[in-house]
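One structure is given here, and the rest of the page talks about it.
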Amino acid sequence: MVTILGLINASLLILLLSPFLLRRINKLIFHNKNKALKKIAAILSKMHMYFAYILLATAFTHGYMALGTIRLHSGYFLWLLVLIQVVVGNMFRKMKKPYMMKVHRALGISSLVLLIFHLLQVN
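Just so you know, the sequence shown maps onto residues 29 to 151 in our numbering.
Next up, the structure:
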């Protein structure tokens, strides 16, 4: 069950990063002319916030089931980073400050790096 939750969490993190990555790919490679990428990014963007909350819940459950307690571990730091990212994302939605979106995106890339580190450390 712990492994399944881990796979779900990694998939959710990739889904959360997908709207940004798809928009970048569309802009840099297709010069914003690929309608399929735009449509997929729009659909994923609508579900983005829900995926984030699901990730917080399943990641916490995954960590607790794997360790039997809460302690400092690469997964815990990854969970905290995602939590901070959710808070910054919600602040951006309410305040509409462009720098918050940049911080939110930087935290997303950092989360991916920390996920890779976590996977290498655990395995």
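A virtual CB, placed ideally from N, CA and C, is assigned to each residue, including glycine.
| Item | Value |
| --- | --- |
| Range of the contiguous alpha helix (DSSP H) that encloses residue 112 | 102-123 |
| Proximity below 7 Å, CB of residue 47 to CB of residue 72 | yes |
| Own chain partners of residue 138 with C-beta closer than 7 Å, once the 5 adjacent residues on each side are dropped | 109 |
| Residue nearest to residue 145 in terms of C-alpha spacing, selected from 36, 105, 68 | 105 |
| N- and C-terminal bounds of the alpha helix (DSSP H) containing residue 48 | 30-56 |
| Whole-Å CB distance - residue 35 paired with residue 136, under 8 Å assumed | Wrong, their Cβ atoms sit about 19 Å apart, outside the cutoff. |
| Cβ neighbour criterion (16 or more within 10 Å) applied to residue 90 | buried |
| Alpha helix (DSSP H) segment containing residue 59, residue limits | Neither: residue 59 is in no alpha helix (DSSP H) and is coded neither H nor E. |
| Inter-residue Cα distance where the pair is residue 29 and residue 87 | 12 Å |
| Secondary structure of residue 99, DSSP reduced to three states | coil |
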